[in-house]
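Numbering-wise, the numbering used here puts 419 at position 419 of the sequence shown, and it's gapless, one number per residue. Positions of the beta carbon are idealized from the N, C-alpha and C atoms, including for glycine. Source: prediction; values computed, not measured. So the structure is just underneath, and the comments pick up after that.
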Amino acid sequence: MTPAAPAWLEAAAAARLRANWREGISPRGVPYAFTCPAPRRYKHQWYWDSCFHAIAWARVEPARARAELRTLLRAGRPDGFVPHTAFWDAPARWRRAPLYATDHVRGDTGTSSIQTPLLAFAWERVAAASADDPGFAGEALGALRAHADWLERERDPDGDGLIAILLPDESGLDDSPKYDAVYGPMAHWRPGYFRLVQRCRGLAWDSRAILATTDEHVEDVLVNVAHALSLRALARLLAAAGDEPAAATYAARAARTETALLERCWDERRGLFLDLAGRAERRVGVSTWSALAPLALGDAVPQAIRLRLAEEHLLHPGRYRAGCGIPSVSMEEPAFRPGFTGWRTWRGPSWVNAAWLLVGGLDALGLRDEGDRIAGGLVEAVRRHGFREYYHPHTGAGIGAHGFGWSTLVAGLAAGRGAQK
Ligand code: GLC
Numbered sequence: 001m002t003p004a005a006p007a008w009l010e011a012a013a014a015a016r017l018r019a020n021w022r023e024g025i026s027p028r029g030v031p032y033a034f035t036c037p038a039p040r041r042y043k044h045q046w047y048w049d050s051c052f053h054a055i056a057w058a059r060v061e062p063a064r065a066r067a068e069l070r071t072l073l074r075a076g077r078p079d080g081f082v083p084h085t086a087f088w089d090a091p092a093r094w095r096r097a098p099l100y101a102t103d104h105v106r107g108d109t110g111t112s113s114i115q116t117p118l119l120a121f122a123w124e125r126v127a128a129a130s131a132d133d134p135g136f137a138g139e140a141l142g143a144l145r146a147h148a149d150w151l152e153r154e155r156d157p158d159g160d161g162l163i164a165i166l167l168p169d170e171s172g173l174d175d176s177p178k179y180d181a182v183y184g185p186m187a188h189w190r191p192g193y194f195r196l197v198q199r200c201r202g203l204a205w206d207s208r209a210i211l212a213t214t215d216e217h218v219e220d221v222l223v224n225v226a227h228a229l230s231l232r233a234l235a236r237l238l239a240a241a242g243d244e245p246a247a248a249t250y251a252a253r254a255a256r257t258e259t260a261l262l263e264r265c266w267d268e269r270r271g272l273f274l275d276l277a278g279r280a281e282r283r284v285g286v287s288t289w290s291a292l293a294p295l296a297l298g299d300a301v302p303q304a305i306r307l308r309l310a311e312e313h314l315l316h317p318g319r320y321r322a323g324c325g326i327p328s329v330s331m332e333e334p335a336f337r338p339g340f341t342g343w344r345t346w347r348g349p350s351w352v353n354a355a356w357l358l359v360g361g362l363d364a365l366g367l368r369d370e371g372d373r374i375a376g377g378l379v380e381a382v383r384r385h386g387f388r389e390y391y392h393p394h395t396g397a398g399i400g401a402h403g404f405g406w407s408t409l410v411a412g413l414a415a416g417r418g419a420q421k
């Protein structure tokens, strides 16, 4: 039995997921079934949202979790590319269309960009809840391998074990202040973002060419934590299917990414994992929750380092220990903004997925009370304001889109825990 959260929360989460469910046949005749992030504001299928939705569905109705992940894979290509956004039922809304990272200004079925690669990680969790469909665990191993291979071939041409993002929104952390200096006038929230997308179109989305000739790209800590989590999950799925040699290969690749995070991104002085930007791989100094994301890697990161992340940052009252959730930016950063900033995202407010990924890391350090405190603050925010896109870290007020799908992860947080099983 899945441990339960308060009955009102379980019921509200299930109702929210059902309300956001979309299924049908695309104009090209491809069947789809997914959860839209928010009915009014985000109507398409987003990659990492779908991974979180599937994990939330797994507690409610595992068949829909499986359908959501199968649909996401179907949005991809045979070479292993899986898009950031898939436009199944409706074309990209015309006002926004030029800004979606597509091949052409109009008419594409998905973006040419990626998003934080949690697919294999989600697949393993959904498989664990799929006693009614035991074949699910092994049915897409070839496609999941192709996806991991694509990421490494196209996004890690220097072979250092860290994959790179070309656009700030490829991490899902679109407007985070950590990207302000890297992208300058081409940051996601500035008009020049259109030029960044046009430049990628001009280079036919050839990642290797873009990485070799420009400096607006980032080896992002959160993205690589997700990559390592997915490689580990893929290795376990392969081992369970009896393919030990392939399992060993992907486990070794996970270890390589974990080691690269430790050797290249860990800043011993500041006690944070910092992104590397551009061809010179300059460290990006802004403290955001992504700098703490390696907490989700558990034993792969030495305990002394995880303790520093927790004690010097996550639990520091001036930095990330807030009344509600985990602020997306350290409260002592000059760029920190706790409230609504004209639809700019990730500049301070607390998001449920961040807490879901990090709280288990506190448990593993014996800091369960702190995890309970964070989960409790978010449950209370949801009770008062519903499933919103993000929450004010001081007051818990709901901000951004209404009816936001992945905020239903709070039920899993309240029931037991998040990312660490
Ligand atoms: C916002 C978020 C991004 C998410 C998308 C859809 O753009 O920044 O992470 O994937 O909305 O919910």
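The chain-ordered list of residues whose CB is nearer than 5 Å to some heavy atom of ligand 1 reads Pro37, Tyr42, Trp46, Asp49, Gly172, Asp174, Thr345. Per the C-alpha coordinates, the member of Gly242, Val301, Arg282, Leu237 positioned closest to Glu258 is Val301. The beta carbon of Arg208 sits closer than 8 Å to those of Glu154, Pro157, all from its chain and outside the five residues before and after it, given in chain order. Taking C-beta atoms as the reference points, Thr116 and Thr102 fail to come closer than 8 Å. With respect to Cys51, Ala122 sits close: the two C-beta atoms are nearer than 8 Å.
In this structure Arg347 does not touch Pro168 by the C-beta definition: roughly 12 Å separates them, more than the 8 Å allowed. Annotated three-state conformation of Trp46 is strand, per DSSP. In the three-state scheme derived from DSSP, where H, G and I count as helix and E and B as strand, Thr35 is classed as strand.
The DSSP assignment places 303 to 308 as complete runs of the alpha helix (DSSP H) inside the segment 287 to 326, in order along the chain (cut-off: 4 residues). The Cβ atoms of Asp275 and Val218 lie closer than 8 Å to each other. Secondary structure of Ile55 (DSSP, three-state): helix. Annotated as proximal: Pro39 and Gly403, with beta-carbon spacing under 8 Å.
Annotation for Tyr250: the continuous alpha helix (DSSP H) segment containing it runs 244 to 260. Considering only Ala411, Ala364, Asp174, Pro37, the residue with the shortest C-alpha distance to Glu380 is Ala411. Looking only at Leu162, Leu314, Pro349, Arg201, the smallest Cα-Cα distance to Glu263 is reached by Leu162. About 19 Å separates the beta carbon of His392 from that of Pro334, a gap too long to meet the 8 Å contact definition. A direct Cα-Cα distance of roughly 26 Å separates Asp215 from Arg269. Note on geometry: alpha-carbon atoms of Asp206 and Gly278 lie some 16 Å from one another.
Ala86 is bridged by DSSP to Gln45, Gly110. Around the beta-carbon of Arg16, 16 or more other beta-carbon atoms lie within 10 Å, marking it buried. Scanning its chain for C-beta atoms nearer than 7 Å, with the 5 sequence neighbours on each side dropped, one finds around Leu307 the residues Leu365, in chain order. Residue Arg283 holds the alpha-carbon nearest to the alpha-carbon of Trp266 among Ala252, Trp356, Arg253, Arg283. If you draw a straight line from the Cα of Glu23 to the Cα of Leu234, it is about 27 Å long.
Its chain contains Pro37, Gly405, Trp406 as the residues whose beta carbon lies nearer than 7 Å to that of Asp49, once the 5 sequence neighbours on both sides are disregarded; these appear in chain order. Straight-line spacing of the CA atoms in Gly371 and Glu152 works out to 34 Å. The three-state secondary structure of His227, taken from DSSP, is helix. Annotated three-state conformation of Ser26 is coil, per DSSP.
For Asp169, the secondary structure class from DSSP, reduced to helix, strand or coil, is helix. In the same chain as Phe136, and ignoring 5 residues on each side of it, the C-beta atoms closer than 6 Å to its own belong to Arg66, Ala127, Ser130, in chain order. In this structure Ala228 touches Ala254 by the C-beta definition: roughly 5 Å separates them, less than 8 Å. Here the segment 349 to 361 lies against the segment 317 to 333, with 3 or more beta-carbon pairs under 8 Å apart. In this structure, the beta-carbon distance from Ala397 to Ile374 does not fall below 8 Å. The beta carbon of Thr109 sits closer than 6 Å to the beta carbons of Phe87 from its chain, once the five residues preceding and following it are set aside; these are given in chain order.
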